[in-house]
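Chains A and B supply the protein sequences, listed in that same order.
Numbered according to my numbering, the first sequence spans residues 106 to 447.
Numbered according to my numbering, the second sequence spans residues 106 to 447.
The structure appears below as structure tokens.
2 protein chains.
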Amino acid sequence: MVTIKDIAKVAGVSPSTVSRVVSNHPRISKETSQKVKRIMEEMGYHPNVMAKSLVSKTTQTLAIVLPRPAEELFQDFFFGELLRGILTQSARAGYDMLLTAATSPHDESETVSRLVFGRRVDGIILLSSRVNDPLIDMLDKHKFPTVLIGRTDEHPNILSVDNNNEQAAYDATAHLIVQGHERIGFVSGPPALTVARDRMQGYQRALREAGLPIRSEWVVEGEFLQQSGYRAMSFLMGLPERPSGLVVIDDVVGFGVLRGLTELGYKVPDDLSLVSFNNIALSELAQPPISSIDIGTYQLGYTASQILIRLIQEENVHQTRMIIPHRLIVRESSIHTVAKRS
Amino acid sequence: MVTIKDIAKVAGVSPSTVSRVVSNHPRISKETSQKVKRIMEEMGYHPNVMAKSLVSKTTQTLAIVLPRPAEELFQDFFFGELLRGILTQSARAGYDMLLTAATSPHDESETVSRLVFGRRVDGIILLSSRVNDPLIDMLDKHKFPTVLIGRTDEHPNILSVDNNNEQAAYDATAHLIVQGHERIGFVSGPPALTVARDRMQGYQRALREAGLPIRSEWVVEGEFLQQSGYRAMSFLMGLPERPSGLVVIDDVVGFGVLRGLTELGYKVPDDLSLVSFNNIALSELAQPPISSIDIGTYQLGYTASQILIRLIQEENVHQTRMIIPHRLIVRESSIHTVAKRS
DNA sequence: ATGAACTGTGCAAACGTTTTAACAAACCCA
DNA sequence: TGGGTTTGTTAAAACGTTTGCACAGTTCAT
């Protein structure tokens, strides 16, 4: 490996000069700079990242901490898009991305400690947003640059990027109400996740404002899994009084719902109208296409990376909570009026 | 930050002794070791990763290099599962994972050079497997620990993990043949990708061995996008003589195919039977569920990470090509006989 | 009893950078 | 002409580890 010293020797200058050439120091003469650059090119010099990090105390690296296995599938679909947003922005800003998936809670804090205190990364993007997360506690206490994709009430100083999930769920529900539905159910996710709580609130507010009944048997809590949607259907459709419209916490769950309904012999949207969340690419291709709240997944990731880097580079970042706008994409699963070809 | 010297001072030993305690050097006495460990615990010592890497010349980090944007969506679905396999194994082996997505070809070689020559990572997992890839050339020439998920003929020394895609396509096609189909088409991907070539070969071999016609108008090349499947249908179903069975290169494309057929008023599998590849979670939930070749996505990732780490740690690794078994998952899209509830 | 082998520890060099302080040379303004 | 400023460069310390070598003390076989 060719080092800064090798270059210096060949160029007949000191190592410090070479270092300054690399970092475009203003007080280097044109000639020296050109000569050194030429020699670096010729000899194929690449700075040793570790040595640089050691002295500069910055690694130009961020870490993404994935949620624990319980929420595993949750990732699988809109996760790719989120990642793409994060990677695009961080690459643009010259940061590398470290990806860590902890298997156990103990493991998780162990891993993050290693990254944080071992000075391996400059900042952390958290994807999990459980209520009362000890990991967030830890990062907050040490004032380590952190951004949360999601929401936390307990830590006002932690930067976060989120949707207005309450409003999004309100909008989804209101859309069904406008379509004439009066009996509207909700297939939710794990109540420990803030996103599930927020959406539940919005769902209830929409019903309340419209003067419609809030019936607890029409609310089913599950996971971010297809099976949850599938199972919810055998329950909901077995009720003496059934909902005619359904808000579903996630597109993948929506697919399960669709499958369940089909097997039970019901038609969407005729027997039950459907709106779900996240707008993954495949919702458009469901049979029928599923109406979904687009949460700006790519932008969520892009923005998270952006404000994290800003937090690292500038001292004072004032805005701590960023809201990415959502929008409802209406498809056949929630409108009766579309002519169906078949 | 508390360093090894701080610990040494408090424990009344030399820094070297502390270092040896950390690395469990055999010639450290029980008492010293225990005392030092206790103090480390108390003072919250975490080794500085950069300093360690600098002297040990190993970073305990691997990089995943994602394919360029053209293949972007290709990732999105089975990518999550692949990633999970890689992350699980590398975490288990004590390696961190760096994720990089290059935007341009120039960018790509630039980024990888930086990682490789800057000694930032110990090994690289390549996800793209284009024919004649300059990146693979470069890594091969420098003998940098690399494993390719996919296949390359030009570089016999590069480790690779792959499916037997030729056989998989053969199996998919043979399955349709067994179902009685004699006119079988193939919706393929970009011909620059080895995976598309391999599957094409297998498809053709199956037809040849069964004495069935290979008709070039029944083969459509596209991308790994839903739209490709959708478009392929308007073409194929507009032919004077149409296929009655179809092999599709990817589940997502299969979703597009399904959508296209539905819009055109055809029924699956009655009018056209379908088998595709990758077996993403949602293929089970398509309407009808799509028969798919499970390529062992998780294991593909897990194995890639495993042999890369072996290559890094041991000098001589003999086996250079690893084949992950596939299996056909038969669902309704390819069998007439299932009673349909509706 | 004596040298050999082993055990436990410390010193100091090394890894490849960045950066502070110092300094010589050139330039500028009166 | 001389002091001050600017420009271009360097020497050397520092970042936090690891590790080869040295060495003192202990154990062991003869």
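Yeah, the Cβ is synthetic: ideal placement off N, Cα and C, and Gly gets one too.
Computed from a predicted model, the values in this text were never measured in an experiment.
For secondary structure counted as the beta strand (DSSP E) over 3 or more consecutive residues, the segment 140-194 of chain A holds these complete runs in sequence order: 166-171.
Per the DSSP secondary-structure output, A:M427 pairs in a beta bridge with A:V266.
Scanning the segment 245-299 of chain A from its first residue to its last, the whole beta strand (DSSP E) runs of 3-plus residues come out as 251-254, 264-268, 289-293. Assignment of beta strand (DSSP E) within the segment 370-398 of chain B, counting only whole runs of 3 or more residues, yields 378-382 in chain order. Closest option to A:T164, judged by alpha-carbon separation, among A:I417, A:E437, A:I429, A:H431: A:I417. Around the C-beta of B:R197, fewer than 16 other C-beta atoms lie within 10 Å, and the residue is accordingly described as exposed. For a Cβ distance threshold of 7 Å, residue set L387, L390 of chain A lies close to B:F360, ordered along the chain. For B:I254, same chain residues with a beta-carbon under 8 Å away, outside a window of 5 residues either side, are L187, I230, L231, L232, S234, S265, V266, D267, L405, G406, A409 in chain order.
When rounded, the separation of the alpha-carbon atoms in B:G361 and B:L192 is 30 Å.
According to the DSSP assignment, A:M338 belongs to the alpha helix (DSSP H) that extends over 331-341. Ranked by how close their Cα comes to the Cα of A:T208, the residues A:N237, A:A297, A:V226, A:V170 have A:V170 in first place. A residue is called buried once 16 or more other Cβ atoms fall within 10 Å of its Cβ, and A:L390 is buried on that count. B:L281 and B:V292 have their C-alpha atoms roughly 14 Å apart. With respect to chain B, the C-beta atom of A:G406 has no partner C-beta closer than 9 Å.
The Cβ atoms of B:R225 and B:A168 sit closer than 9 Å to each other. Distance from A:I395 to A:G359 at the Cβ level is roughly 5 Å; contact confirmed, criterion being Cβ atoms closer than 8 Å.
If you look at A:G117, you'll find it isn't in any alpha helix (DSSP H); DSSP assigns it neither H nor E. When secondary structure is reduced to three states using DSSP, A:L317 falls in the coil class, being assigned neither helix nor strand. CA-CA distance, A:G307 to A:G343, rounds to 26 Å.
Flagged as an interface residue toward chain A: B:L171, by a C-beta distance shorter than 9 Å. If you draw a straight line from the Cα of B:P374 to the Cα of B:D276, it comes to about 18 Å.
At the C-beta level, B:L203 and A:T166 come within 9 Å of one another. Here B:G199 is exposed, its C-beta having fewer than 16 other C-beta atoms within 10 Å. When secondary structure is reduced to three states using DSSP, B:V107 falls in the coil class, being assigned neither helix nor strand. Interface annotation, A:T205: in contact with chain B, CB-CB separation under 9 Å. Chain B places no beta carbon closer than 9 Å to that of A:V435, leaving this residue out of the contacts. About 7 Å separates the beta carbon of A:I400 from that of A:A273, a gap short enough to meet the 8 Å contact definition. Pairing A:A311 with B:L159 gives a Cβ-Cβ distance that is not under 9 Å. Taking a 10 Å sphere around the C-beta of B:H431, we find 16 or more other C-beta atoms and assign the residue as buried. If you look at A:G228, you'll find it isn't in any alpha helix (DSSP H); it sits in the beta strand (DSSP E) that goes 228-231. Here DSSP, grouped into helix, strand and coil, assigns A:I133 to coil. At least one CB atom of chain A sits nearer than 9 Å to the CB of B:F184. Going by DSSP, A:I414 is part of the alpha helix (DSSP H) stretching over 402-418. For A:T216, the uninterrupted alpha helix (DSSP H) run begins and ends at 210-222, by DSSP.
Assigned with DSSP and collapsed to three states, B:G327 falls in coil, not helix or strand. A Cβ-Cβ separation of about 6 Å places A:G334 in contact with A:V353 under the 8 Å criterion.
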